[in-house]
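Just below is one structure, and these are the notes that go with it.
Residue numbers (my numbering): 7 to 205.
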């Protein structure tokens, strides 16, 4: 288990990713069709590429993240959880102490972050992920988008946060949230993504 609640000198700039309690069960299949995802707040990744956004939910077991990336030529060949994956299409999240990236082939690279170094070979136990490609993978044909969904187990993260968590999201290329070099905040609420009582 890795404890993420350490004091950091990273600055927050007021950007917030609102993370509601899931209003319905979340099946990690990469399709993002559950009512909970349709109601989840979105944040746009900022940069010069095609549109991309991310969403976040939580329940008693997992912290869920979802990405949708417009892409006219979806490309991923790496079958290894090594830095090669980061040179191709991927989406990812960098937290306090760890990074997790996923390719359109659902290859996951999870690693520890120490300063500016990425230490591969670390795995988050219990992580679940899935992707879906709208188009043809690794074929020069007009594609439209791909989606990724990941469930990060609270147990492997040291438990649900009782405070704001620093986070950065990106599409592996030139688009980031909140912006390059900055970290935003994840605000976990007990508000369900649809009107109902608290869990």
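Ideal placement from N, C-alpha and C gives every residue a C-beta, glycine not left out.
Please read these numbers as outputs of a predicted model, since none were measured by experiment.
### Segment contact, 8 angstroms Cβ cut-off, at least three pairs: the region 60-72 with the region 22-34
yes
### Query
CA-CA distance, residue 78 and residue 109?
15 angstroms
### Message
Quick check on DSSP: helix, strand or coil for residue 76?
### Response
strand
### Message
Just to confirm, is the Cβ distance from residue 153 to residue 74 under 8 angstroms?
### Response
yes
### Message
Nearest by alpha-carbon distance to residue 105: which of 130, 58 and 39 is it?
### Response
For residue 105, the nearest C-alpha among the options comes from 130.
### Task
Could you tell me which residues DSSP puts in a beta bridge with residue 105?
100 and 117
### Task
From the DSSP output, read off the bridge partner residues of residue 5.
Absent from the model: residue 5. The displayed extent of the chain is 7 to 205, so no value can be given.
### Query
How many Å lie between residue 93 and residue 83 at the Cα?
Taking the Cα positions, residue 93 is about 10 angstroms away from residue 83.
### Query
Between which two residues does the beta strand (DSSP E) containing residue 40 stretch?
Residue 40 -> no beta strand (DSSP E), and no H or E assigned at all.
### Message
Given this structure, state the Cα-to-Cα distance separating residue 164 from residue 157, to the nearest angstrom.
### Response
15 angstroms
### Query
Would residue 116 count as contacting chain D if we go by Cβ distances under 8 angstroms?
Looking at the structure shown, chain D is missing, and only one protein chain is on hand.
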